[in-house]
Amino acid sequence: MSFVNQQIFANYQEYIDNEQELREKIRTVVRQIEQQAKEATIRLQIIHSDIEKSKVSLKLLMTIQYSINSIPVGEACLLARKLFENCAIGYKSLAELIPPAQYHRYSDHWTFITQRIVFLIALTVYLEVGTLVTRETVAEILGLKTVQSEGFHLEIEDYLMGILLMASELSRFATNSVTLGDYERPLQISRFIADLNSGFRLLNLKNDGLRKRFDALKYDVKKIEEVVYDISIRGLRNSQPEKVGDGE
């Protein structure tokens, strides 16, 4: 092999080495973010374990002075938010590693964990105030942009996937709430999921993964409908059963 060819392939090897080094740095940061998300998940699982820890009255939140620190679920939400702050530090490190205009070249490293963190943030906000968190709020919590041209950002698809993951968790929450003797919580969840389901039906989803996850929402809807119906026929509520779906 001539000296010229050797130099050419030496340059290729240098490029490959630099690329592998960068990806390893990215993986290291992503693992740190994953650890924070794992700890937040553990904190928030308290909602499935104890009725006194999970019962938070939205009416109480709206009508009286209420300190979220006074109950364990509130403390869990606060601890989760601190972990989200650590996640934001990780995303800042990622933003510094990624070369300009090359976000999508490396985004496969953090797409899954970002969706997971969106789910955790959405669940936390729901537990705190009973509303759907916006993409802008999630981005602000994680220190991300919402416009691609501005740099490291939160993809709309990742936000929507995280919201759908939350729907499945709330379906589980509704079932466990009844088991633990909380008959009001499933009714609150049913109304929330009904609005969420209606909102997603306005979207013409093209992303295959997102579309499949949205298709799974109908099973979450059906599960919550069955919980609410069961509560009604057992005389554990006064009004008629609520429909979570859209009649399809």
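Going by our numbering, the letters in the sequence shown line up with residues 5 to 252, in that order. Beta carbons are placed, not taken as given, at the ideal position from N, Cα and C, and that holds for glycine.
Check whether the segment 169–181 and the segment 192–202 touch, using three or more Cβ-Cβ pairs below 8 angstroms as the test.
They touch, by the three-pair rule.
Between which two residues does the alpha helix (DSSP H) containing I121 stretch?
T115 to V133
Which runs of the beta strand (DSSP E) at least 3 residues long sit entirely within the segment 150–210? Give them in chain order.
The beta strand (DSSP E) runs lying completely inside the segment 150–210 and spanning 3 residues or more number zero.
Taking Cβ to Cβ, would you say A41 is nearer than 8 angstroms to I102?
It is not a contact, given that the beta carbons lie outside the stated cut-off.
Any heavy atom of the ligand MN within a distance shorter than 7 angstroms of the CB on M170?
Of ligands this structure carries none, so the ligand MN is not represented either.
Between the segment 180–188 and the segment 154–170, do three or more beta carbon pairs fall short of 8 angstroms?
Touching, no, given that fewer than three Cβ pairs across the two stretches are closer than 8 angstroms.
Quick check: the segment 110–130 against the segment 148–162, are there 3 or more CB pairs under 8 angstroms?
yes
What three-state label does DSSP hand P76 in the structure shown?
Correct three-state label for P76: helix.
Within 10 angstroms of its Cβ, does S175 collect 16 or more other Cβ (buried), or is it exposed?
S175 comes out buried.
Between which two residues does the alpha helix (DSSP H) holding A143 run?
R139 to L146
Under a Cβ-count criterion, where at least 16 other Cβ atoms within 10 Å of its own Cβ denotes burial, should T254 be classed as buried or exposed?
The structure shown does not extend to residue 254, since the chain spans only 5 to 252, so no value can be given for it.
For the structure I just gave you, are there three or more beta carbon pairs, one from the segment 25–34 and one from the segment 73–89, closer than 8 angstroms?
no
From the DSSP output, in three-state form, read off G239 for me.
coil
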